[in-house]
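Note sheet for the following structure.
Number of protein chains: 2
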Amino acid sequence: MDSLMKRIGIQLPIIQAPMAGTSTPAMAAAVSNAGALGSIAVGAVDATAARAMIGAVRSGTSAPFNVNVFCHAPAKAEAARARDWLAALGHVFARYGAEPPGDLREIYASFVADEAMLALFLETRPPVVSFHFGLPSGETIGRLKAAGIVLFASATNLSEAEAAARAGVDAIVAQGYEAGGHRGVFDPRAPDSQLGVMALTRLLAGRIALPVIAAGGIMDGAGIAAVLDLGAQAAQLGTAFVGCPESSADQAYRDALFGPGAAMTEMTALISGRPARCLPNRFTALKDTELKGVAAPDYPIAYDAGKALAAAARAKGEGGFGAQWAGQGAPLARALPAAELVRALRDEMLSALGHRPVMAT
Amino acid sequence: MDSLMKRIGIQLPIIQAPMAGTSTPAMAAAVSNAGALGSIAVGAVDATAARAMIGAVRSGTSAPFNVNVFCHAPAKAEAARARDWLAALGHVFARYGAEPPGDLREIYASFVADEAMLALFLETRPPVVSFHFGLPSGETIGRLKAAGIVLFASATNLSEAEAAARAGVDAIVAQGYEAGGHRGVFDPRAPDSQLGVMALTRLLAGRIALPVIAAGGIMDGAGIAAVLDLGAQAAQLGTAFVGCPESSADQAYRDALFGPGAAMTEMTALISGRPARCLPNRFTALKDTELKGVAAPDYPIAYDAGKALAAAARAKGEGGFGAQWAGQGAPLARALPAAELVRALRDEMLSALGHRPVMAT
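Quick mapping for you: the protein sequence lines, in order, are chains U and X.
For the numbering used here, add 1 to where a residue sits in the first sequence, where the first one is 1.
For the numbering used here, add 1 to where a residue sits in the second sequence, where the first one is 1.
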């Protein structure tokens, strides 16, 4: 099995997780310049905006970086479900003197149906492309690989990892239940084994003939050392980077991250229509009030309403309806600049590993 | 901070988890003789039976061992809830030509209300006593410590760990959400942060001035090395020992452990009245059928019904209603004799740690 670090050309077994709406090209460039792998997420933008983001990363670094896309099955629009959802949310909008949108749209195209994004990747050739929520077609994977792009896919269990391996990706991101943000399950309606990063990493490292990247609950170099012991070739950290100045998290999100709620993150599908781990806030609290027992529309249709509600509340000074994603390690978050954080992670990792040689040479 | 291994007098940072109904004195003795810490669980028996179990361990080993007790708040008997529960279960009993018990009893005394068990410990002085589901009174803790007994307490979050530290225990068992069997939450009706072992261990290692023992999803020496990197002083493994010949798991339990369901363990309160992680079986499946939406009586009142159902089904050849507890690492279970398993864990751990000195000297 190839060394993943060598294959990509990075010095440290550390990946800054792509976080749509929170990670930025400046963050990715700073991380990559520090010897780790920086990432941007373009799942929530179109190819034109993605082109600008890729250009911005490249203007900040000549080192490798990762571009993440969403590969969800396109949503099923169900009119009755959207209507019930908006009716339930209407009471919440009313608190902020606003009305819910008249109808809900599928606000993001899935990469599986986005020809323009594929063409952009084939043209601009980012060093790494990573898939979340599933896989694109075999043909798309073949074309990306032929363009020299290294491919990662998220998996939350063995069968998703096996599917990704069969499809020809180069590495598996083993996303534990601890992880912040959207859970990468391929089918959000299927039973979820909720595997923690410890069990999942160890299982995939033993059963999958591809490098494993462990993700979920890892906040420092000790956590990185731990997943390397488990057989991962690298660790992916998202929440650790949310507090960086290069993050686009707003003040309410940062306050929540560094507040007492960090100890009680929740998995919720109310904000976007797919399960995602979030800091407890006014939106997650709706599970016990206005949204109790109401079924959310499919991702990302529900997210159209969720974003509208966050904006309406924010306009009245209430920041607590944002998508304040965070993993279970949130109480260990730090507010360091991204490059400084990578250096700290490196030093802590080496200290935890007792200076065993783990860096690519 | 004292070294936990030195304090207890064990050679390996490995603890065989106490598992009421599954671990045995023979298992504990074999594990302790192999240099780890063996455990028995006496939460489901009275002081007379516990005396015999402690004697059986001592007849097999002169090495230290651990005796575990349940410290749940005594159950509230709610007649209506018990009646509804029995009515719902009646349909399941009927499938096996049986009837549910006429009423349900609180089948286990909590250690917090068991004077005979306390007297037994003060007399027999097991080297370690561990608490699950909460803590006994400060007076009890003081008497056990004065008798020279080292005390562990399970915690699933920072506030439980802080309470245990304030109460004067000697070490915290950081039980991740991955762990098999009963979740150690002090209050099963409070919101559960569901922290995985990675985040929980790292959090407690940084915030609690006591040795941390990591538990949940650890199945091999790589997992032990990982939690040592996270700052734990030892790892506690339960599911890893269920398949040992010294375990009292019946054949149906062993078949389930080594079957495909091992990848899909479930947290369920249906069997005992408290959340516990179980292999998917006929009992856990009742969540979608006869027990859908029915509230279980308090632990251990519900367990009275659960055990009766398991026995009724077993009498007709159906073993799938047992308490087949297992953690998320279940797919990595092995059927080695306990002493051989401890040796394998040791070798794997040293290999993962690159032969750093981690054994007590």
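All C-beta atoms, glycine included, are put in the ideal place defined by N, C-alpha and C.
Going by DSSP in three states, U/G321 sits in which element: helix, strand or coil? coil
Any chain X beta carbon closer than 8 Å to U/A164: no
Please state whether DSSP places X/E267 in a helix, a strand or coil. strand
Looking at U/I16: is its Cβ nearer than 8 Å to the Cβ of U/A250? no
Check X/V43 in the structure and name its three-state DSSP category. X/V43: coil per DSSP, three-state reduction.
So X/D230 contacts chain U; which residues on that side make the cut at Cβ distance below 7 Å? Under the 7 Å cutoff, chain U gives A223, A226, A227, D230, A353.
U/G10 beta carbon less than 8 Å from that of U/C72: Here U/C72 is not near U/G10, since their CB atoms are 8 Å or more apart.
Range covered by the alpha helix (DSSP H) that runs through U/R255: 252–258
Under the three-state reduction of DSSP, which class applies to X/N158: helix, strand or coil? coil
Once you ignore the five residues that flank U/P26 on each side, which residues in its own chain have a CB closer than 7 Å to its CB? I41, M54, A57, V58, G61
Answer with yes or no whether the minimum CB distance from X/M265 to chain U is below 8 Å. yes
Quick one: Cα of U/V151 to Cα of U/L5, how far? When rounded, the separation of the alpha-carbon atoms in U/V151 and U/L5 is 10 Å.
Please list the partners that U/L5 has in chain X, where partner means a Cβ-to-Cβ separation under 9 Å. Within 9 Å Cβ-Cβ: nothing; U/L5 doesn't reach chain X, min ~18 Å.
Within chain U, the residues that X/G197 reaches when beta carbons sit closer than 8 Å: G177, Y178, E179, G197, V198, M199, G217, G218, Q329
Determine, using beta-carbon pairs with one atom in the stretch 335–354 of chain U and one in the stretch 108–115 of chain U, whether at least three such pairs fall under 8 Å. In short, these stretches do not touch, since the Cβ pair count stays below three.
Per DSSP, what are the beta-bridge partners of X/L238 in this structure? X/Q17
Taking the alpha-carbon positions, what's the X/D188 to U/A80 distance? 41 Å
CB-CB under 7 Å to U/P298, same chain, minus the five flanking residues each way: which ones, in chain order? Closer than 7 Å at Cβ, skipping near neighbours: E79, R82, A83, W86, L105, G274.
Let me see if you follow: with CB-CB separation under 8 Å, is X/P276 close to chain U or not? no
Can you look up X/R347 in the DSSP assignment and give me helix, strand or coil? helix
Taking C-alpha atoms, which residue in X/D305, X/R347, X/R144, X/R283 lies nearest to X/Q320? As written in the sequence, residue 320 of chain X is Gly, which differs from the Gln given in the question. For X/G320, the nearest C-alpha among the options comes from X/R283.
Using only the alpha-carbon positions, how far apart do X/E179 and X/Q325 sit? 15 Å
What does the alpha-carbon distance come out to for the pair X/K308 and X/G323? 7 Å
I want to see whether chain X comes within less than 8 Å of U/P14, judged by CB atoms only; does it? no
Residues that X/V129 bridges to, as DSSP identifies them: X/N67, X/V151
Reference U/A114, options U/S33, U/P137, U/R190, U/V93, closest by Cα: U/P137
Applying the criterion that 16 or more other CB atoms from any shown protein chain within 10 Å of the CB defines a buried residue, is U/E247 buried or exposed? buried
Using a C-beta cutoff of 8 Å, does U/N282 count as contacting chain X? no
Would you give the residue range spanned by the alpha helix (DSSP H) that U/A83 belongs to? From DSSP, the alpha helix (DSSP H) with U/A83 extends over 80–96.
Report whether the distance from the Cβ of X/A226 to the nearest heavy atom of the ligand SAM is below 7 Å. Within the structure as shown, the ligand SAM is missing, as the structure has no ligands at all.
Contacting residues, own chain, Cβ-Cβ under 7 Å from X/P358 (five flanking each side not counted): At X/P358 the pLDDT is 44, less than 50, meaning the model places this residue with poor confidence; the figure from the coordinates comes in the next sentence. Cβ within range, chain order: n/a, list empty.
Quick check on DSSP: helix, strand or coil for X/A114? helix
Helix, strand or coil for U/V32, going by three-state DSSP, please let me know. helix
Please state the DSSP three-state secondary structure of U/R106. coil
Does the beta-carbon of X/D171 have 16 or more other beta-carbons within 10 angstroms, so that it is buried, or is it exposed? buried
State the DSSP-derived secondary structure class of X/P358, mapped to helix, strand or coil. With a pLDDT of 44 at X/P358, under the threshold of 50, the modelled position of that residue is not reliable, and the figure given next carries that caveat. Three-state DSSP puts X/P358 in coil, outside helix and strand.
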